[in-house]
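Engineer: When you read off a place in the sequence shown, starting at 1, and then add 6, the result is the number in our numbering.
Note that CB positions come from ideal geometry on N, CA and C, so glycine has one too.
Given the structure is predicted, the values throughout are model-derived calculations rather than measurements.
The structure's right below; bear with me while I get my questions together.
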Amino acid sequence: MIKLSFDGLFLHHLKQELQILKSGRLVKIAEIGDTDFIFTIRSDKTNHQLMLSFASDFARVHLTEKKYDTSSHPKSFTMLLRKHLEGYFLKDFFQYESDRILVFMFTGYNEMRDYNQKYLICEVMGRYSNLILTTDTYSIIDVLKKDGVGEYNRTMLPNAIYRFPETNKKNPLARSLQSLQQDTVFSPKDLIACYNGISMLAAEYCFQTDAVHQTLYQLIHETIHPVILLNKNQKKDFYFQACNNPVLEAYPSLSALLDQFYYEAEKTYTIKQKTQDIGRFVDRQILKNTHKIQKLNQEMLSAMHADEYRLYGELLMSYPHLKEKAASVTVLNYYTHEMVLIPLDAKYDIITNSQKYFKKYQKAKSAIHYIQEQIQKSKEEIEYFQLLQFQLNQCSLQDAMEIKQELINHKYMLAKTTKNVKKQKPHLLSYLIDDVVISVGKNNLQNEYLTHKLAKPNDYWFHVKDAPGSHVVVHSDQLNENLIRSAAMLAACFSSYKDSSSVPVDYTQIRYIKKIPQRRSCFVTYSKQKTIFIDPNPQIFATWKVKK
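What follows is the structure, encoded as structure tokens:
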């Protein structure tokens, strides 16, 4: 579960941004997921999109400018919301104390032309998030996630009376600085236990100063500066203040911050969910070939006794006069002039045992070459699947589907359908630098298409040195310093060295790129290359013009 800093203090500040919705008319309710909705509210001659999400990992409320696919077959709860709220006006809204609960008050006329008021209660509480529609007396009309006895021992069913969560914690939003200073706290956990709606990020920030309560008061009342940051666990987080954490990106509003942060987070989560079968398959293949190499190494040790088998056969042939059948025999090794104990099969005579040792020798000798071939093949398989593993960790959903198609093409996976599907060209990421197109291949299908089919012989090819990475091609036979550094930056950032510094990137012309015989075309050799060292910085090309 994603634990982020959407706390009561955050909602307190976010509430100010939603003031533009007041007195607006709810013109449309769209369902964009099992627990996600877009409310279109027209206020002051402008349509505003209000995102309401109650997914466990992505629960939030904010204004959005992103485009989402809406469901063509909405659930019954969505239809009920449309029946009760579409056409109504947003009279007001309030945050319940300092909790993560936002209550919207809608007023309007029902089908009987009776004027009434209804509450839409948004509980943004992680896995306990819920959306409840009630009458003006808090009688539940319906609830998104029904529960007989839910969190805080509340009944979440139609016709029950909605009750706000009970807590012994104090509301810091309603306290003055002098009142806050009367409370004794000794640690961030004490602060969280004392006051409702405070995340660990805010609590730890307060204890970084000598004036804990004054810092908390300032968080509540001072100007906000929305940022995406790195928390103490070096994970991406967000808040309305940096709170002494490294800032990754600043935003003009909390809604813009949430809009971008969760859009990227949901996209990553969706990719992970839809590609986890591919990831598990790749992991299994690496494990299978690793175990295979271990087994082959054991067989190799056994096969290394081939010379010993040959010696036993030769020595036994020197003693054909030994007629008795025994489990072993001791003979003179005329190579070393030492006595050697040779195990025998008691069912056979000396000559037959000698012949059996010669057969073992021939079999072991042939096995060594076969085992070496199999070990090399397994190492190449591991290298290939480790490359796919790297590509899956940084791909888009479309890139992942191309990786899956590659596995199907190589007969590793079976296609789910036998229908003839028209082959499409791989989708390349391309940038326009100095009026020159630079293309990036993010998986093997894209790399092969880019390097061996699309690129011209005099185009320039870039790749990180001796590590998995993307093929980058500058579609020009002339390079300047900016093009070299730009292409090298892309090659370094789309490689396994993306978090390193001073990354070596080789570059040469396409005509010097050669496929490796009997290897997959994603592996190449090249010559007449030059090398540039560069520090990866993805933020640089994030502002470059993408060529459609």
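(1) Which partner residues of residue 358 appear in the DSSP bridge assignment?
(2) Using a threshold of 7 Å, is the CB atom of residue 301 nearer than that to any non-hydrogen atom of the ligand FAD?
(3) Can you tell me whether residue 470 is buried or exposed, with buried defined as 16 or more other CB within 10 angstroms of its CB?
(4) Look at the Cβ atom of residue 83, then the Cβ atom of residue 96, and state whether they are nearer than 8 Å.
(5) Do you know how far the Cα of residue 88 is from the Cα of residue 166?
(6) Inspect the beta-carbon positions of residue 405 and residue 459 and report whether they are closer than 8 Å.
(7) Short check: CB of residue 174 to CB of residue 151, under 8 Å?
(8) Straight-line CA distance for residue 262 to residue 69?
(9) Which one or two residues does DSSP pair with residue 114 in a beta bridge?
(10) Using three-state DSSP, classify residue 19 as helix, strand or coil.
(11) Any idea what DSSP makes of residue 14, helix, strand or coil?
(12) Closest by CA to residue 118, which one among 452, 481, 308, 90?
(13) Expressed to the nearest angstrom, what Euclidean distance is found between the alpha-carbon atoms of residue 399 and residue 477?
(14) Looking only at DSSP bridge pairs, what is residue 468 linked to?
(15) Count the other CB atoms, across all protein chains shown, that sit within 10 Å of the CB of residue 552; report buried if there are 16 or more and exposed otherwise.
(16) Is the distance from the Cβ of residue 394 to the Cβ of residue 276 below 8 Å?
(17) Can the beta-carbon of residue 468 be found closer than 8 Å to that of residue 421?
(18) Do residue 437 and residue 444 have their C-beta atoms within less than 8 Å of each other?
(19) CA-CA distance, residue 560 and residue 342?
(20) Between which residues of its own chain and residue 8 is the CB-CB distance below 8 Å, once the five residues before and five after are set aside?
(21) Report the CB separation of residue 334 from residue 321 in whole angstroms; it is logged as a contact under 8 Å.
(22) Return the residue from the list 140, 39, 13 that minimises the CA-CA distance to residue 104.
(23) Anyone know if the C-beta pair for residue 502 and residue 391 falls short of 8 Å?
(24) Identify the continuous beta strand (DSSP E) that holds residue 54 and give its terminal residues.
(25) Does the beta-carbon distance from residue 494 to residue 546 come in below 8 Å?
(26) Going along the chain, which residues of its own chain have a beta-carbon closer than 8 Å to the beta-carbon of residue 33, five neighbours each way excluded?
(27) Quickly, what does DSSP pair residue 167 with across the bridge? List them, please.
(28) Going along the chain, which unbroken runs of the beta strand (DSSP E) with 3 or more residues stay wholly within the region 384-458?
(29) Whole angstroms is fine: what's the gap from residue 158's alpha carbon to residue 121's?
(30) Using only CA atoms, which one of 452, 237, 180 lies nearest to residue 250?
(31) Please return the same chain residues whose Cβ sits closer than 6 Å to the Cβ of residue 412, not counting the five positions on each side in sequence.
(32) Should residue 440 and residue 488 be called a contact, given that it needs their Cβ atoms to be closer than 8 Å?
(33) Say whether the region 195-205 touches the region 176-186, bearing in mind that this needs 3 or more beta-carbon pairs closer than 8 Å, one atom from each stretch.
(34) Quick one: grab the DSSP three-state call for residue 8.
(35) Among 523, 480, 513, 20, whose alpha-carbon lies nearest the alpha-carbon of residue 247?
Structural biologist: The answer reads as follows:
(1) Taking the sequence shown and counting its residues from 1, the one referred to as residue 358 is at position 352. Paired residue(s): none; residue 358 is not in a bridge.
(2) Among the components modelled here there is no ligand, and therefore nothing to report on the ligand FAD.
(3) Walking along the sequence shown from the start, residue 470 turns up at place 464. Flag for residue 470 reads buried.
(4) In the sequence shown, residue 83 corresponds to position 77, counting from 1. In the sequence shown, residue 96 corresponds to position 90, counting from 1. Going by C-beta atoms, residue 83 is not nearer than 8 Å to residue 96.
(5) Position 160 of the sequence shown, counted from the first residue, corresponds to residue 166. Position 82 of the sequence shown, counted from the first residue, corresponds to residue 88. Their backbone Cα atoms lie some 21 Å apart in a straight line.
(6) Position 399 of the sequence shown holds residue 405. Position 453 of the sequence shown holds residue 459. Not in contact: residue 405 and residue 459 (Cβ atoms no closer than 8 Å).
(7) For the purposes of this step, residue 174 is taken as the residue at position 168 of the sequence shown. For the purposes of this step, residue 151 is taken as the residue at position 145 of the sequence shown. For residue 174 and residue 151, no; Cβs fall outside 8 Å.
(8) Translated into the one-based positions of the sequence shown, residue 262 becomes position 256. Translated into the one-based positions of the sequence shown, residue 69 becomes position 63. Approximately 8 Å, taken between the alpha carbons.
(9) One-based indexing of the sequence shown puts residue 114 at position 108. In DSSP, residue 114 forms a bridge with 122.
(10) Residue 19 sits at position 13 when you count from the first residue of the sequence shown. Looking at residue 19 - three-state DSSP - the assignment turns out to be helix.
(11) On the sequence shown, residue 14 is found 8 positions in, with the first residue counted as 1. Three-state result, residue 14: helix.
(12) Taking the sequence shown and counting its residues from 1, one reaches residue 118 at position 112. Cα-wise, what sits closest to residue 118 is 90.
(13) Here residue 399 refers to the residue found at position 393 when the sequence shown is read from its first residue. Here residue 477 refers to the residue found at position 471 when the sequence shown is read from its first residue. Rounded to the nearest angstrom, the two C-alpha atoms are 16 Å apart.
(14) Locating residue 468 in the sequence shown gives position 462, counting from the first residue. Residue 468 is bridged to 478, 513.
(15) As a first step, residue 552 is located in the sequence shown; it is residue number 546 there, counting from the start. The residue is exposed, with fewer than 16 neighbouring Cβ atoms inside 10 Å.
(16) The residue you call residue 394 lines up with position 388 of the sequence shown. The residue you call residue 276 lines up with position 270 of the sequence shown. No, the Cβ-Cβ distance between residue 394 and residue 276 is not below 8 Å.
(17) If you number the sequence shown from 1, residue 468 lands on position 462. If you number the sequence shown from 1, residue 421 lands on position 415. Not in contact: residue 468 and residue 421 (Cβ atoms no closer than 8 Å).
(18) Translated into positions along the sequence shown, residue 437 becomes position 431. Translated into positions along the sequence shown, residue 444 becomes position 438. Yes, these two residues count as a Cβ contact at 8 Å.
(19) The question about residue 560 has no answer here: the residues shown for the chain are numbered 7 through 554.
(20) In the sequence shown, residue 8 corresponds to position 2, counting from 1. Note that residue 8 has pLDDT 48, beneath the 50 cutoff, so the model's placement of it is unreliable and no number is given.
(21) As a first step, residue 334 is located in the sequence shown; it is residue number 328 there, counting from the start. As a first step, residue 321 is located in the sequence shown; it is residue number 315 there, counting from the start. With 8 Å as the limit, residue 334 and residue 321 do not qualify as a contact, their Cβ atoms being about 12 Å apart.
(22) Position 98 of the sequence shown, counted from the first residue, corresponds to residue 104. Selected option, being the one with the closest Cα: 13.
(23) To locate residue 502, count along the sequence shown from 1; it is residue 496. To locate residue 391, count along the sequence shown from 1; it is residue 385. In this structure, residue 391 does not lie closer than 8 Å to residue 502 by Cβ.
(24) The residue given as residue 54 occupies position 48 in the sequence shown. Element bounds for residue 54: 52-59.
(25) Along the sequence shown, read from residue 1 onward, the residue named residue 494 stands at position 488. Along the sequence shown, read from residue 1 onward, the residue named residue 546 stands at position 540. No, these two residues do not count as a Cβ contact at 8 Å.
(26) By one-based count along the sequence shown, residue 33 stands at place 27. Correct list, in chain order: 46, 47, 48, 53, 92, 93.
(27) Position 161 of the sequence shown, counted from the first residue, corresponds to residue 167. 145.
(28) 435-439, 442-447
(29) Here residue 158 refers to the residue found at position 152 when the sequence shown is read from its first residue. Here residue 121 refers to the residue found at position 115 when the sequence shown is read from its first residue. In a straight line, the C-alpha of residue 158 is about 33 Å away from that of residue 121.
(30) Locating residue 250 in the sequence shown gives position 244, counting from the first residue. When each option's Cα is compared against that of residue 250, the closest is 237.
(31) Residue 412 sits at position 406 when you count from the first residue of the sequence shown. Contacts found: 450, 451.
(32) Taking the first residue of the sequence shown as position 1, residue 440 is located at position 434. Taking the first residue of the sequence shown as position 1, residue 488 is located at position 482. Cβ distance < 8 Å, so residue 440 and residue 488 count as in contact.
(33) yes
(34) Position 2 of the sequence shown, counted from the first residue, corresponds to residue 8. Here residue 8 scores only 48 on pLDDT, less than 50, and its place in the model should not be relied on; the value that follows carries that caveat. The answer is coil: DSSP assigns residue 8 none of H, G, I, E or B.
(35) Counting from one through the sequence shown, the residue named residue 247 turns up at place 241. Checked all of 523, 480, 513, 20; the closest Cα to residue 247 is 20.
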